Every structure is written in C-alpha cells, then in structure tokens.
Amino acid sequence: MDPSIRKQVREALAEDLGRDGDLSTLHFVSPSARLRARLLAKQNGVLCGRDLVDEVFRRAAPGSRVSWLVKEGGAFSKGTPLAEISGGRAILSAERTALNFLQHLSGIATLTRAFAERTRGTRASIYDTRKTLPGWRTLAKYAVRIGGGKNHRMGLHDMVMLKDNHLAARENLEERVRAFRRRKPRIKIEIEAANAAEVELALALGADLIMLDNMHPAALRRQIAKIRRANPRTEIEISGGVALASVAALARLGPDRISVGRLTHSAPAVDISMKLE
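Residue 79 in my numbering sits at position 48 of the sequence shown; the count goes up by one each step and never skips.
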C-alpha cells in the first residue's frame, strides 16, 4: 500500500478516536469480549476499498481478522454479505472509519461501472476529472479504475490542458506550443473547444487531444467528423453535463473519451453496514 494511503488511514482513525479513544466501547463493552460481525450490502453495488478496510482494522483492532466474500471490483446485490470480521471489542472502534472508506469508494466504482456499461461496444472510454475531494484524488481515481473507467490527469503536472481561461489571452499561442513541444516532447497537449472556431484553433495548434465541451449532439457530430478528416490521430473527448441517460448516445457519436465529473465529485455512497452476529 502506498505510504500516503497508510497516512490517510492513520489520520482518519485519529480524527475519529481523538485523545480519549472510543468512549462507548471502552466503557461499555468488556475487554475480554470476542466479537463476530458481517459487512452487509443494503443495496446493489461494486465493491472497492478492501485494502483500506484491512488497514483500518489492522491499525485500530490488532489481532482482528477480515475475511472477504466478494472480490475487489466484484458486483454485489442488496443483502449480500461482503466480509466476515472477528476480533476483540476494538472492531467496533474501527467500524465507522472502515465503512466510510468502503462506502465512498464503492460508490465511485458503482457509478463508474454504470457509465462504462452504457458505452460498451463503442470506441469511447469513460474518464474521470480532477474534480475530487482534496486529499482523496489517489483513492477516488483508483475507484474509477476499479469501476471500469480510466484516469484523466492526476494533476496539473502530468499533461497540458488549455481551457477557456488559458486561451482568452491568445498570446503567441503557436510559438508557445512549439516551444513547449521542444522542451517536453513526450507530454500531450489537450485543448478545450466550445464551438467550431475553437475546434479550428485547436487543430491549427496541433493538439493531441481536443475536448468538445458542452456542445449539442448535432454540433458534436459535425465537429467529430471535422477532426477525423483533419487529423485521424487526434483524440476526441466529449465533456460537460454527461448523464447516464445521455452517455450511450454520446458514445455512438464516435469520440475516444467521455469525461464525467460526477464520478468523483458527487457519486452517492453505497449503503453498507456492519452487523454483529
């Protein structure tokens, strides 16, 4: 496990336990208690976050055991037992932190799977964005991959993406692109386009990827055809307001990528509970 993720688990437990620990468990459950519990799905979903749960119980409840019944990335239905847990009373102290990780990551994986299934049979892949909770990007993007999606930029540092605010200045763009290519030849350049004129600009600048942002389907069809004629190697991304109800139709227009911000900024958590046996 990445050291940064272990640190995130430590901080999550410290946030919950504070200086005085789990008062409810420490003062109302016998130190000699041996407990058995199950993680139960209360709705359909895709499992993501097993390693995080294991790490939470390892740290908060030493000597406890987590036995998984569903694989990472496995689909499950309402009522399915996901894991069996045994250990001392400290498993109660680990419960909420473990569930917070599991429910949130499974929510992202579940929503991503739903989008990915609707694009099956097309050339389009589902991509995430940088719209993540601060500190959660690595985990959120991991959950997207588990759900069957792909990762866009991990950060501002690994690809150029020229959006409306970058293009507004229009300061020697051609020369700046050429200079960047000389300095960083392996790094891709993506350019956002919201209309036909901006698509022409992106093509003229030699963009590796062109993001068609918030265009109506008819306009998307025209611009995709134009880009394919001009340079078949240019990747095409559709973005902006993509919903489950519309993603299949958008995929049939022939883009290479469809980016969906809601995968990481507003995926609903999957309802999972821990119940003692």
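All C-beta atoms, glycine included, are put in the ideal place defined by N, C-alpha and C.
This structure is a prediction, so every number in the text was calculated from the model and none was measured.
Which residue's Cα is closest to the Cα of Lys73: Lys38, His188 and Gln134?
To locate residue 73, count along the sequence shown from 1; it is residue 42. The residue with the shortest Cα to Cα distance from Lys73 is Gln134.
What is the DSSP secondary structure of Ile218, reduced to helix, strand or coil?
Taking the sequence shown and counting its residues from 1, the one referred to as residue 218 is at position 187. The answer is coil: DSSP assigns Ile218 none of H, G, I, E or B.
Pull up the CB-CB distance for Val97 and Thr111, whole angstroms please, since I reckon it's below 8 Å.
Your numbering for residue 97 matches position 66 in the sequence shown. Your numbering for residue 111 matches position 80 in the sequence shown. With a Cβ gap of about 16 Å, Val97 and Thr111 do not count as contacting.
My understanding is that Leu294 touches Gly180, with C-beta atoms under 8 Å, so please give their C-beta distance in whole angstroms.
What you label residue 294 is simply residue 263 of the sequence shown in a count that begins at 1. What you label residue 180 is simply residue 149 of the sequence shown in a count that begins at 1. That pair is a contact at about 7 Å.
In whole angstroms, what is the alpha-carbon distance linking His247 and Asp85?
Taking the sequence shown and counting its residues from 1, the one referred to as residue 247 is at position 216. Taking the sequence shown and counting its residues from 1, the one referred to as residue 85 is at position 54. Their Cα atoms are separated by approximately 46 Å.
What residue range does the alpha helix (DSSP H) around Leu232 cover?
Translated into positions along the sequence shown, residue 232 becomes position 201. In the DSSP assignment, Leu232 falls within the alpha helix (DSSP H) that extends over Ala227 to Ala235.
Mapping the DSSP letters down to three states, classify Pro248 as helix, strand or coil.
If you number the sequence shown from 1, residue 248 lands on position 217. Looking at Pro248 - three-state DSSP - the assignment turns out to be helix.
Could you tell me the boundaries of the beta strand (DSSP E) in which Lys306 lies?
For the purposes of this step, residue 306 is taken as residue 275 along the sequence shown, with counting starting at 1. Where Lys306 is concerned, the enclosing beta strand (DSSP E) stretches over Ile303 to Leu307.
Residue burial classification, Gly49 (beta-carbon count within 10 angstroms, cutoff 16)
Within the sequence shown, residue 49 is the residue found at index 18, counting from 1. A residue is called buried when at least 16 other Cβ atoms come within 10 angstroms of its Cβ; Gly49 does not meet this threshold and is exposed.
Determine the direct distance from the alpha carbon of Arg81 to that of Asn131, and round the result to whole angstroms.
Within the sequence shown, the letter at position 100 stands for residue 131. Within the sequence shown, the letter at position 50 stands for residue 81. Their Cα atoms are separated by approximately 12 Å.
Opening and closing residue of the alpha helix (DSSP H) in which Pro34 lies:
Stepping through the sequence shown from its first residue, residue 34 is reached at position 3. In the DSSP assignment, Pro34 falls within the alpha helix (DSSP H) that extends over Pro34 to Leu48.
For Ala227, decide whether its Cβ has a neighbour in chain D, counting only Cβ atoms nearer than 7 Å.
The question asks about chain D, but that chain is absent: this structure has only one protein chain.
How about Ala91 and Ser124: do their beta carbons lie closer than 7 Å?
Position 60 of the sequence shown holds residue 91. Position 93 of the sequence shown holds residue 124. A contact, by the Cβ cut-off of 7 Å.
What is the DSSP secondary structure of Ser297, reduced to helix, strand or coil?
Residue 297 sits at position 266 when you count from the first residue of the sequence shown. Note: Ser297 maps to coil in three-state DSSP.
Can you list, in chain order, the residues of its chain with a C-beta nearer than 8 Å to that of Asp33? Leave out the 5 residues immediately preceding and following it.
Residue numbering aside, residue 33 sits at position 2 when the sequence shown is read from its first letter. Setting aside the 5 residues that flank it on each side, Asp33 is surrounded in the same chain by Thr169, each with a C-beta closer than 8 Å to its C-beta; the list follows chain order.
Taking the alpha-carbon positions, what's the Asp159 to Leu70 distance?
Against the sequence shown, residue 159 aligns to sequence position 128. Against the sequence shown, residue 70 aligns to sequence position 39. When rounded, the distance between both Cα atoms is 28 Å.
Span separating the alpha-carbon of Asp272 from that of His58:
Counting from 1 along the sequence shown, the entry for residue 272 is found at position 241. Counting from 1 along the sequence shown, the entry for residue 58 is found at position 27. This sequence places Gly at residue 272; Asp is not what is there. Their backbone Cα atoms lie some 50 Å apart in a straight line.
Looking only at C-alpha atoms, which of Ala106, Arg149, His188 and Val230 sits nearest to Ala276?
Your numbering for residue 276 matches position 245 in the sequence shown. Cα-wise, what sits closest to Ala276 is Arg149.
What is the DSSP secondary structure of Val273, reduced to helix, strand or coil?
The residue you call residue 273 lines up with position 242 of the sequence shown. It is coil, neither helix nor strand.
Coil, strand or helix - Val60 by DSSP
As a working note, residue 60 is residue 29 in the sequence shown. It is coil, neither helix nor strand.
In angstroms with no decimal places, state the Cα-to-Cα distance between Met305 and Glu231.
Numbered from its first residue, the sequence shown carries residue 305 at position 274. Numbered from its first residue, the sequence shown carries residue 231 at position 200. Distance between Met305 and Glu231, taken at the CA atoms: about 55 Å.
In terms of DSSP beta bridges, what is Phe107 paired with?
Counted from its first residue, the sequence shown places residue 107 at position 76. Looking at the DSSP assignment, Phe107 forms a beta bridge with Gly76.
Identify the continuous beta strand (DSSP E) that holds Glu115 and give its terminal residues.
As a first step, residue 115 must be located in the sequence shown, where it is residue number 84. Pro112 to Gly118 is the extent of the beta strand (DSSP E) around Glu115.
Give me the Cβ distance between Leu307 and Ala68, rounded to the nearest whole Å; I'm assuming they're in contact under 8 Å.
For this step, residue 307 is matched to residue 276 along the sequence shown. For this step, residue 68 is matched to residue 37 along the sequence shown. Correct: roughly 5 Å between the Cβ atoms.
I'd like to know if the stretch 171 to 178 and the stretch 284 to 302 are in contact, where contact means that at least 3 CB-CB pairs between them fall below 8 Å.
Three or more beta-carbon pairs drawn from the stretch 171 to 178 and the stretch 284 to 302 are found closer than 8 Å, and the two stretches are therefore classed as touching.
Taking the alpha-carbon positions, what's the Arg288 to Ala274 distance?
Taking the first residue of the sequence shown as 1, we reach residue 288 at position 257. Taking the first residue of the sequence shown as 1, we reach residue 274 at position 243. C-alpha separation (whole angstroms): 14 Å.
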